[in-house]
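Undergrad: Take a look at this one; I'll ask things after.
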Amino acid sequence: MGKYFDIFINGYAGYAGYLWQEITFSGEGPWWHNYFWYLVVISGFFLALEWLKPWRKDQLRFRKDFWLDFFYMFFNFFIFSLIIYNAASDVVVNMWIDVLASFGITHTIAIRVSNWSLGLQLLTLFFVKDFVEWWIHRLLHRVPFLWEFHKVHHSVEQMGFAAHLRYHWMETLVYKTAVYLVMALFGFGIDDFFFVHIFTIAIGHWNHANFRVNIGPLKYILNNPNMHMWHHAYDIPRDRPYGMNFGISLSLWDYLFGTSHIPYDGRDIRLGFPGFETFPKTFKKQAVYGFSGLKKLRFNKIIKDNDGKVANKDKLVIKSK
Ligand SMILES: [Zn+2]
Ligand SMILES: [Zn+2]
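Under our numbering, the first residue of the sequence shown is numbered 2, with each subsequent residue one higher.
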C-alpha cells in the first residue's frame, strides 16, 4: 500500500510542478509544447470569432452561464487533473499492471505502432481515440446511471465555445480510463497525445461555438456546430429515445452507424432535456447532482418492480418536435 501512496504523492507533486512550469514557460520542453497557453489561445480565438461573426446575432457577448463554463474549462482541464486525476491515475495504472502481472501477463501491447511513421501513428491515434470516445458518449446517454452525470453537459441553455468543457468530472474518469486501456493495446505513450489533444480541443470548441462556417462535404467526416446543436436539442424524436449525433471530433461514426439527425438548421432550437428546468444551476450542486440522482434511479427501479413501469422515467419522457 505504501508503494501506491508514494506513487500518488509523486504524481500529485509532479503535476503541480508541471502546471506551474506551463504557466510560466519555465519547463525544460519546447515552448510550444504548452497545454495551458494553447487552451488560452484557442479559447480567445473562438471568443473573437463569436464576437465578430456570431451565428445567433442576438446572443449576448458573454452569454448566459459563460462564467460558469469558463470555470468548468479550467477546472476540468487543470484543477481536477491537478488535485485528483493525474495522481490517482498513476496509482490505478500501477495497480492494473500489478494485477495483470499476478496473472503472469506482462505484455499488454496487441498491435505495436511505434515503428510506423509519426504521421500515421498520430492519425491512427486520433481515429481510434475518437471511435472509443464516440462509444463512451453513446453509453453516457444509454445507461441511466451515466446519464445522471452527463446531464451536466446537457444543461447548457445558450451555446458558446466554453460550453465544450462543461461536464462532470466523472466523465473524465470514464473517458480517460477507456481510452487509456485501448491505447495500451497499441503501445501509445501519453506524450503522443499532445497534438491530437490540441486538435480535438479546437474542434470541440468550434462544435459548441456561436460561429459557423459551411464546410461542404467535409461535414460527413468532421463534427460541426450544426450537427452538435442537434445533439443538445431539448426535444428528441420518438424513434431516437437515447439521442443522436454523438460525434466528438468526427461525425463519420454517426453517419456510418445511422445515429445522425439534422432535420434543418438548428440555430435557434431549444436546448436542454426534459426535467432540465429543475436542474441545479451552480457548479457545486451540479458536482454532486449525479450522486443524488443515483438514489432516484434506485427509487424508480422499485416503482418498476412493483408496477411494471419503466425505470428512469424522466429520461423517457420525450416530446415530439
Ligand atoms: Zn451528450
Ligand atoms: Zn456538447
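All C-beta atoms in this analysis are idealised placements derived from N, C-alpha and C, irrespective of residue type, glycine included.
Count the other CB atoms, across all protein chains shown, that sit within 10 Å of the CB of Gly-18; report buried if there are 16 or more and exposed otherwise.
TA: So Gly-18 ends up on the exposed side.
Undergrad: Can you tell me which of the three DSSP states Ala-234 falls into?
TA: strand
Undergrad: Please state if the CB of Ser-44 and the CB of Phe-196 are separated by a distance shorter than 8 Å.
TA: no
Undergrad: Rounded to the nearest angstrom, what separates Pro-275 and Asp-269 at their Cα positions?
TA: 18 Å
Undergrad: For Arg-271, collect the residues of the same chain with a Cβ closer than 6 Å to its Cβ; drop the 5 residues on either side in sequence, then sort them by chain order.
TA: Tyr-235
Undergrad: Given 8 Å as the limit, is there contact between the region 217-231 and the region 244-253, that is, 3 or more CB pairs closer than that?
TA: yes
Undergrad: Please report the residue range of the alpha helix (DSSP H) in which Thr-283 lies.
TA: Premise fails: Thr-283 is in no alpha helix (DSSP H) and is neither H nor E.
Undergrad: Which residues in the same chain as Asn-116 place their Cβ atom closer than 8 Å to its Cβ, once the five residues preceding and following it in sequence are excluded?
TA: Contacts found: none.
Undergrad: Do His-154 and His-142 count as a contact pair if the criterion is CB distance below 8 Å?
TA: no
Undergrad: Judging by CA-CA distance, which residue of Leu-121, Met-160, Lys-58 is the nearest neighbour of Phe-71?
TA: Met-160
Undergrad: Over what stretch of residues does the alpha helix (DSSP H) that includes Phe-187 continue unbroken?
TA: 170-187
Undergrad: Can you give, in chain order, each stretch of the alpha helix (DSSP H) that sits fully within the region 36-90 and has at least 4 residues?
TA: For the alpha helix (DSSP H) assignment, the uninterrupted runs of no fewer than 4 residues enclosed by the region 36-90 are, from N- to C-terminal side, 36-53, 67-75.
Undergrad: Should the region 203-222 be regarded as contacting the region 48-63, the criterion being three or more beta carbon pairs within less than 8 Å?
TA: yes
Undergrad: When the distance is taken between beta carbons, is Ser-250 closer than 8 Å to Ser-261?
TA: no
Undergrad: Do His-169 and Gly-291 have their C-beta atoms closer together than 8 Å?
TA: Yes, the pair counts as a contact, with Cβ atoms nearer than the cut-off.
Undergrad: Write down the C-beta distance between Trp-254 and Phe-132 rounded to the nearest angstrom, noting that I regard them as a contact closer than 8 Å.
TA: 6 Å
Undergrad: Per DSSP, Leu-223 forms a beta bridge with which residues?
TA: Leu-251
Undergrad: On the DSSP letters alone, give me the boundaries of the alpha helix (DSSP H) that Thr-260 sits inside.
TA: First-last for Thr-260: undefined, no H or E at that position.
Undergrad: Give the C-beta separation of Phe-37 and Glu-23 to the nearest angstrom, bearing in mind that I take them to be a contact with Cβ-Cβ under 8 Å.
TA: Rounded to the nearest angstrom, the Cβ distance from Phe-37 to Glu-23 is 4 Å, consistent with a contact under 8 Å.
Undergrad: I'd like to confirm something about His-1: is its beta-carbon nearer than 7 Å to some heavy atom of ligand 2, or not?
TA: Limits of the chain in this structure are 2 at one end and 322 at the other, which puts residue 1 out of reach.
Undergrad: Can you give the Cα-Cα distance for Leu-186 and Val-114, rounded to whole angstroms?
TA: 10 Å
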